[in-house]
Amino acid sequence: MDSLVTQFEEARRQALESLRQAEDRQAVENVRIHYLGRKGVVPNLFREMGKVSPEERPLVGKTANQTKNEIQAAVDEAFNRLAEKEEPDAGVDVTMPARRHPLGTKHPISQVMDDAVDIFRRMGFIVADGPDLETEYHNFDALNTPADHPSRDVQDTFYLPDGRLLRTQTSPVQIRVMEQQPPPVRIVCPGRCFRRDTPDATHSMNFHQIEGLYVDRQVSLADLKAALTMFAHELLGEDVKVRFRPHFFPFTEPSLEYDFSCIMCGGRGCRVCKNSGWLEISGAGMVDPAVFQAVGYDSEEWSGYAFGMGVERIAMIRYAVSDIRLLYENDLRFLKQF
Ligand SMILES: [Zn+2]
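The opening position of the sequence shown corresponds to residue 7 in my numbering, with each subsequent residue numbered one higher.
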């Protein structure tokens with residue numbers, strides 16, 4: 007009969023071989039019972055150890071314990087291996103591809119507003135805000151726009167039953183700021199405006215403006231042109247030129263409209279600029295003394311310029327969008343491009 011040491015080693019060899027071949031957990035459990043169960047091979051061999059001579063006992067005892075521990079470890083390992091195979095959901099598989107969460111983008115109107123406000127802030131302007139629902143006084147009267155002015159027609163303005171209105175421009179914010187603080191003033195007012203326009207490729211009933219106001223001593227038209235030129239360079243590139251044309255607004259004197267040279271064709275003329283080489287941006291001018299009077303500023307001591315710009319107009323130029331309605335349809339295929 008083989009020595010006990012040999013029998014333990016043979017039992018270990020067979021057990022490990024059976025575990026390697028086990029294809030499900032029941033097979034592993036059967037191996038475990040056969041070798042380690044109460045009446046299994048290994049416990050039976052342990053019982054034989056009483057017959058071993060005292061000299062052999064240390065070696066046999068060591069081999070017996072190693073055998074039992076190694077088979078137990080191999081059983082545990084086999085269970086783990088089969089558990090992963092049978093229940094793929096049981097654990098986290100770090101090799102799985104990650105789930106993608108679609109990232110949104112800023113709306114082109116917000117991008118232009120944020121970029122424009124950033125540029126003016128670097129020039130020392132601070133942001134001022136005002137209500138969308140305005141009084142006739144702030145929207146018209148204080149801006150030197152008398153009651154018989156055509157822009158006050160109900161055809162052009164949304165009036166509420168209580169006489170208030172949806173502001174048609176961001177200029178009333180300038181009035182509110184000047185009412186509250188003495189000069190100097192240097193503000194930009196980004197915001198939403200409303201007019202009773204029939205929607206088409208270039209008109210919308212609600213739109214956004216950014217308006218600027220600078221009041222100080224000895225402010226001139228040259229300062230206005232410098233500010234708008236710097237703005238155009240920062241927003242659209244160093245090559246953009248700014249052009250002033252005489253115009254009329256009730257709240258500025260002199261008034262002007264300003265154009266940027268066409269960024270599509272570099273001023274040579276194209277479809278976008280209707281072959282003029284220029285893109286109309288908006289209006290500006292030196293603040294009318296009547297406006298200063300309405301807010302209690304001394305027009306002998308103080309002068310200032312104001313300018314406005316349509317955010318949609320600039321977004322359409324910057325991103326070459328041909329129809330303003332695209333900006334409001336919330337079509338993700340369109341918005342994802344920005
Ligand atoms: Zn052009």
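No residue lacks a Cβ here, since even glycine has one placed at the ideal position from N, Cα and C.
Could you tell me the distance, in whole angstroms, from the CA atom of residue i to the CA atom of residue j?
i	j	result
Asn212	Arg331	11 Å
Tyr311	Val293	5 Å
Gln78	Ala21	10 Å
Leu338	Ala232	38 Å
Gln161	Leu242	35 Å
Gly261	Ala321	A quick correction: the sequence has Ser, not Gly, at residue 261. Approximately 24 Å between the Cα atoms of the pair.
Glu54	Arg44	14 Å
Arg346	Gly291	The chain is shown from 7 up to 344; residue 346 falls before or after that span and cannot be answered.
Arg87	Val47	24 Å
Asn336	Asp203	20 Å
Tyr41	Thr73	10 Å
Thr208	Val278	12 Å
Met236	Ser267	14 Å
Asp120	His113	10 Å
Trp308	Asp222	6 Å
Val179	Thr141	11 Å
Pro167	Arg173	15 Å
Asp159	Phe146	11 Å
Met270	Ala296	40 Å
Phe340	Gln224	46 Å
Lys68	Arg38	21 Å
Leu149	Asp229	22 Å
Thr101	Ala89	18 Å
Glu286	Val327	15 Å
Gln380	Leu51	Nothing in the structure corresponds to residue 380, since the chain is present only between 7 and 344.
Leu10	Val58	8 Å
Thr163	His155	12 Å
Thr258	Asp206	29 Å
Leu171	Ala300	20 Å
Phe298	Thr151	14 Å
Leu227	Pro108	48 Å
Pro64	Glu83	29 Å
Gln186	Gly316	26 Å
Ala153	Arg128	38 Å
Lys91	Asn36	19 Å
Cys276	Ile323	13 Å
Phe126	Arg105	40 Å
Glu62	Gln27	34 Å
Ser24	Val34	8 Å
Arg249	Tyr165	35 Å
Glu15	Pro103	45 Å
Glu244	Ser305	35 Å
Ala75	Gly56	Sequence check: residue 75 is Asn here, not Ala. Rounded to whole angstroms, Asn75 to Gly56 spans 20 Å at the Cα level.
Gly272	Gly283	7 Å
Going by C-alpha distance, which of the options is nearest residue i?
i	options	result
Tyr325	Ile115, Leu109 and Val47	Ile115
Phe200	Ile193, Ser210 and Val194	Ser210
Tyr303	Tyr264, Phe85, Met184 and Gln32	Met184
Gln32	Glu61, Gln186, Glu15 and Val81	Val81
Glu29	Pro49, Phe85 and Phe14	Phe85
Gly130	Cys271, Glu35 and Gly218	Gly218
Pro190	Ile132, Asp138, Phe146 and Pro205	Ile132
Ser177	Val98, Met102, Val248 and Pro196	Pro196
Ser288	Phe255, His107, Ser305 and Leu10	Phe255
Ile216	Ser226, Thr151 and Val194	Val194
Gln343	Gly110, Lys91 and Asp99	Gly110
Tyr334	Arg249, His214 and Pro49	His214
Tyr264	Glu240, Pro188 and Leu234	Leu234
Ala134	Val118, Gly283, Arg192 and Pro103	Arg192
Asn71	Val118, Gly56 and Pro49	Pro49
Pro137	Gln117, Val118, Asp124 and Gln175	Gln175
Leu139	Arg198, Val66 and Gly283	Arg198
Go ahead and label residue i buried or exposed: buried means 16 or more other beta carbons lie within 10 angstroms of its beta carbon, across all protein chains shown.
i	result
Lys280	exposed
Tyr143	exposed
Thr220	According to the sequence provided, residue 220 is Tyr. The question's Thr does not apply to it. The residue is buried, with at least 16 neighbouring Cβ atoms inside 10 Å.
Ala17	buried
Gly314	buried
Gly169	exposed
Val246	buried
Ala122	buried
Glu345	Within the shown structure, residues of the chain are numbered from 7 to 344, placing residue 345 beyond reach of any answer.
Val98	exposed
Taking 6 Å as the cut-off, is the C-beta of residue i nearer than that to any heavy atom in ligand 2?
i	result
Cys276	Ligand 2 is not part of this structure, which contains only ligand 1.
Task: Length at least 3, wholly inside the stretch 23 to 64: the beta strand (DSSP E) runs in chain order - done: Here no run is fully enclosed.
Open item on the list: Going residue by residue through the stretch 129 to 206, where are the continuous beta strand (DSSP E) segments of at least 3 residues, counting only ones entirely within it?
Closed with: DSSP runs (the beta strand (DSSP E)) wholly in the stretch 129 to 206: 191 to 200.
Task: Complete beta strand (DSSP E) runs within the stretch 212 to 239 (minimum length 3 residues, chain order) - done: The stretch 212 to 239 contains these whole beta strand (DSSP E) runs: 212 to 222.
Open item on the list: Give the list of continuous alpha helix (DSSP H) stretches no shorter than 4 residues that lie fully inside the stretch 261 to 300.
Closed with: For the stretch 261 to 300, not a single whole alpha helix (DSSP H) run of length 4 or above is found.
- [ ] Identify every run of the beta strand (DSSP E) within the stretch 301 to 334, keeping only runs that are complete inside it and at least 3 residues long; order them along the chain.
- [x] The qualifying runs are 309 to 316.
Task: Completely contained alpha helix (DSSP H) runs for the stretch 105 to 129, where each covers 4 or more residues - done: Along the stretch 105 to 129, the alpha helix (DSSP H) occurs as fully enclosed runs of 4 or more residues at 114 to 128, listed in sequence order.
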